[in-house]
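Numbered according to our numbering, the sequence shown terminates at residue 595, and the numbering increases by one at each position without gaps.
Note that CB positions come from ideal geometry on N, CA and C, so glycine has one too.
Being a predicted model, the structure only gives us computed values, none of them experimental.
A short worksheet on the structure shown next.
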Amino acid sequence: MATRKLCAFYLSAFNRFSTNDEFIFTKTADKYIGITRKFLTTKIESLISYYQAAGLGKGDKIAIISENRIEWIVTDIAAAFLGLVTVPIYNTLSKEQIKYILGNSGSVMCFVSGSLMLDRVLQSRDELPDLKSVISYNDFHDIERPEGICYFSEIVSHARDHIPDINKLKILCDKIEEEDLLTIIYTSGTTGIPKGVMLSNKNICSNLVSCQNVLEISERDSFLSFLPYSHIYERVAGYYLALFSGAKIYYAQNIDTIATQMPETKPTIIITVPRLLDKMYYKVMKSGLEETSGIKKRIFKWAIRTAKPGKSNNPTLNWKIANFMVYKKIKDKTGGRIRCFVSGGGALNKQIGEFFDGIGLQVLEGYGMTETSPVISVNRPGRNKYGTVGIPLDGVMVDIAHDGEILVKGELVMQGYYNLPEETSETIKNGWLHTGDIGEFDKDGFLKITDRKKSLFKTSGGKYIAPLQIEETLAQLPWIEQIIAIGNERMFVSALIVPAKDELIAIAKKNSFDANSFETLIENSEFLKLLQRQINSAQKNLGSHEKVKRFGFIKEPFTIESGELTPTLKVKRKVVEEKYKELINSLYEKI
Numbered sequence: 005m006a007t008r009k010l011c012a013f014y015l016s017a018f019n020r021f022s023t024n025d026e027f028i029f030t031k032t033a034d035k036y037i038g039i040t041r042k043f044l045t046t047k048i049e050s051l052i053s054y055y056q057a058a059g060l061g062k063g064d065k066i067a068i069i070s071e072n073r074i075e076w077i078v079t080d081i082a083a084a085f086l087g088l089v090t091v092p093i094y095n096t097l098s099k100e101q102i103k104y105i106l107g108n109s110g111s112v113m114c115f116v117s118g119s120l121m122l123d124r125v126l127q128s129r130d131e132l133p134d135l136k137s138v139i140s141y142n143d144f145h146d147i148e149r150p151e152g153i154c155y156f157s158e159i160v161s162h163a164r165d166h167i168p169d170i171n172k173l174k175i176l177c178d179k180i181e182e183e184d185l186l187t188i189i190y191t192s193g194t195t196g197i198p199k200g201v202m203l204s205n206k207n208i209c210s211n212l213v214s215c216q217n218v219l220e221i222s223e224r225d226s227f228l229s230f231l232p233y234s235h236i237y238e239r240v241a242g243y244y245l246a247l248f249s250g251a252k253i254y255y256a257q258n259i260d261t262i263a264t265q266m267p268e269t270k271p272t273i274i275i276t277v278p279r280l281l282d283k284m285y286y287k288v289m290k291s292g293l294e295e296t297s298g299i300k301k302r303i304f305k306w307a308i309r310t311a312k313p314g315k316s317n318n319p320t321l322n323w324k325i326a327n328f329m330v331y332k333k334i335k336d337k338t339g340g341r342i343r344c345f346v347s348g349g350g351a352l353n354k355q356i357g358e359f360f361d362g363i364g365l366q367v368l369e370g371y372g373m374t375e376t377s378p379v380i381s382v383n384r385p386g387r388n389k390y391g392t393v394g395i396p397l398d399g400v401m402v403d404i405a406h407d408g409e410i411l412v413k414g415e416l417v418m419q420g421y422y423n424l425p426e427e428t429s430e431t432i433k434n435g436w437l438h439t440g441d442i443g444e445f446d447k448d449g450f451l452k453i454t455d456r457k458k459s460l461f462k463t464s465g466g467k468y469i470a471p472l473q474i475e476e477t478l479a480q481l482p483w484i485e486q487i488i489a490i491g492n493e494r495m496f497v498s499a500l501i502v503p504a505k506d507e508l509i510a511i512a513k514k515n516s517f518d519a520n521s522f523e524t525l526i527e528n529s530e531f532l533k534l535l536q537r538q539i540n541s542a543q544k545n546l547g548s549h550e551k552v553k554r555f556g557f558i559k560e561p562f563t564i565e566s567g568e569l570t571p572t573l574k575v576k577r578k579v580v581e582e583k584y585k586e587l588i589n590s591l592y593e594k595i
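This is the structure:
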């Protein structure tokens, strides 16, 4: 095994895998354009020379504000060979948020994709004394080049005619230590100011080795990448793991093109969040139950009943028939080669996970956080229990505190929060990282997350409520797009719901309600009573104090841009509660 340094992992992969075969692909128009490992390495060397000419050295910070693209990888890997510290920034953040991270990190160089992000950086440049250089991934030939901007293409313009000097790279890598800081990742969090999580080479590389022991990625694998590299989850599981294991990487243009790009790219692994699986599930159900009739609909219903977790490993005759008639058509739409979806970043609906497993599309749910580089636990192929986040990775110690909080220890635990010693000491005590999540182990050693410690609230009657379980339960209703449970210091639990408009209209028509005006429909008291009955049915297994007694509709979805979601699509509860406090108060009037 290579020493636990990112540059050493890169050199090991260069020596083990073909350098002349294209392995990272970007879709341009209707064609996928690939790059070889050899050409990628020459670009990396060109950028290393640029870093050196600019006087950058170990510990200097460079920021990246970009969607996933090959230039992101070049920037990142080149930095690793010199001990530079990358500071990834989401390209969905506001000008003020970007300015804060650039300033707080002391970034001396910033790589930017797109005119919008470039404008945001340039508008703040005079207030960022440490920022010396701005490099654009895009060439803007139709406008005058902004002053002080360098184009990335010019930096690597001679790369194609160059032969990689692996010995030179090895000499550089030998100067890097495992404990050297590799990256600072600012976690947006659901409240407060972003904190910079410091991760070393050893932090990330030890996690990579443990993940590879689970997934056993090889040259036969292909990844379809759509989550941002700015988040450590995709960066480790969808980028580093693929790059260093010989797999191919295809970039999705955006989340809306995944459905068309899956059959085009035929991936074997998709690193995902539950939201994508939710959408896939409801699309399958709508197609089979609402867009068919007669014998086709009856066959679909029978096939769904036949789909049980694990059946594809030891198929019965009924399963084989259902696979031929129904399941295969669904799997073909994913490209027909999926080994597994790896789901993280939020709770996976157990029913949805079991459905996909039942038709032969395995979903491995895991758990992690930026502070743990990131993966703590994950389900295994052949040892998978839906409703849990699996068992801890090799070398990862997990304990449950007396109050139910999950504690983690091991080489994956961050060095600390950048320039925040007090917050670091509050989070890491005696080597144990306090995750802020509440959980438990079942009798088989599988970890289950029950809620966020800070998300728990107490009703005015003194009952503690874990909102995540409520939200997961009700999110199974197809007409609920997004939901947040409310009830802190209130008499009962209520909910704010972003409705799936088409689903609500379909329910209305099915039950003979006038659906011509959506605005009128969602204020119709009889229609709302019908929806409350559906909620009551869905939450029948919840405790009486946990059940949603009233709900209100929010007409616009929670978004990153509106400040209601973090970049990893977690709801900022305090922001939502403040924004909709009048609506919330109305739910508790006339009690």
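{"query": "Nearest neighbour of Leu44, chosen from Val160, Trp483, Glu71, Leu546 [CA to CA]", "result": "Val160"}
{"query": "C-beta atoms of Lys174 and Ser128 nearer than 8 angstroms", "result": "no"}
{"query": "Integer-rounded CB distance, given that Met289 should sit under 8 angstroms from Ala307", "result": "That pair is no contact at about 12 angstroms."}
{"query": "Given Arg124 as reference, the closest of Gly110, Tyr94, Asp282 once Cα atoms are compared", "result": "Tyr94"}
{"query": "Cβ-Cβ separation, Glu71 to Pro232 (assumed contact under 8 angstroms), whole Å", "result": "7 angstroms"}
{"query": "Selected residue, minimal CA-CA separation from Arg149, among Ala510, Leu126, Gly391", "result": "Leu126"}
{"query": "Sequence-distant residues of the same chain with beta carbon closer than 8 angstroms to Lys337, five excluded per side", "result": "Ala263, Met266, Pro267"}
{"query": "Three-state class that DSSP yields for Asp455 in the structure shown", "result": "strand"}
{"query": "Tyr286 to Thr7 span [Cα, whole Å]", "result": "45 angstroms"}
{"query": "Exposure of Phe450, with buried meaning 16 or more beta-carbon neighbours within 10 Å", "result": "buried"}
{"query": "Ile189 versus Leu203, Ile180, Asp178, residue with shortest Cα-Cα distance", "result": "Leu203"}
{"query": "Three or more C-beta pairs below 8 angstroms linking the stretch 237–254 and the stretch 19–33", "result": "yes"}
{"query": "Inter-residue Cα distance where the pair is Cys177 and Ala12", "result": "7 angstroms"}
{"query": "Per-residue DSSP class, three states only, for Leu60", "result": "coil"}
{"query": "8 angstroms Cβ cutoff met for Tyr141 and Leu88", "result": "no"}
{"query": "Host beta strand (DSSP E) of Leu411 (start-end)", "result": "409–413"}
{"query": "Three-state secondary structure (DSSP) of Thr194", "result": "Residue confidence is low: Thr194 scores 49 on pLDDT, short of 50, so the model does not pin down where it sits. Its coordinate-derived value is still stated next. Here Thr194 sits in coil by DSSP."}
{"query": "Rounded C-alpha distance that separates Thr194 from Pro571", "result": "Because Thr194 carries a pLDDT of 49, less than 50, the predicted location of this residue cannot be relied on, and the following value inherits that uncertainty. Their backbone Cα atoms lie some 10 angstroms apart in a straight line."}
{"query": "Backbone secondary structure at His438 - three-state DSSP", "result": "strand"}
{"query": "Rounded C-alpha distance that separates Thr40 from Glu182", "result": "28 angstroms"}
{"query": "At least 3 beta-carbon pairs within less than 8 angstroms: the stretch 367–386 vs the stretch 394–408", "result": "yes"}
{"query": "From Pro378, Ala57, Thr46, Leu120, residue whose alpha carbon lies closest to that of Lys206", "result": "Pro378"}
{"query": "Cα-Cα separation, Val218 to Leu10", "result": "20 angstroms"}
{"query": "DSSP-derived helix/strand/coil call for Glu485", "result": "strand"}
{"query": "Cβ neighbour criterion (16 or more within 10 Å) applied to Leu135", "result": "buried"}
{"query": "Delimiting residues of the alpha helix (DSSP H) encompassing Tyr104", "result": "99–109"}
{"query": "The stretch 550–557 / the stretch 482–497 touching (three or more Cβ pairs under 8 angstroms)", "result": "yes"}
{"query": "Three CB pairs or more closer than 8 angstroms across the stretch 450–469 and the stretch 557–571", "result": "no"}
{"query": "7 angstroms CB neighbourhood of Tyr584 in its chain, flanking five on each side removed", "result": "Leu500, Ile558"}
{"query": "Beta-carbon contacts of Leu186 that lie in its chain and below 8 angstroms, excluding the five residues immediately before and after", "result": "Leu10, Ala84, Val89, Thr90, Leu203, Ser204, Asn205, Asn207, Ile208"}
{"query": "Whole beta strand (DSSP E) elements within the stretch 243–267, 3-residue minimum", "result": "252–255"}
{"query": "Residues bridged to Tyr14 [DSSP beta-bridge criterion]", "result": "Answer is none; Tyr14 lacks a bridge partner."}
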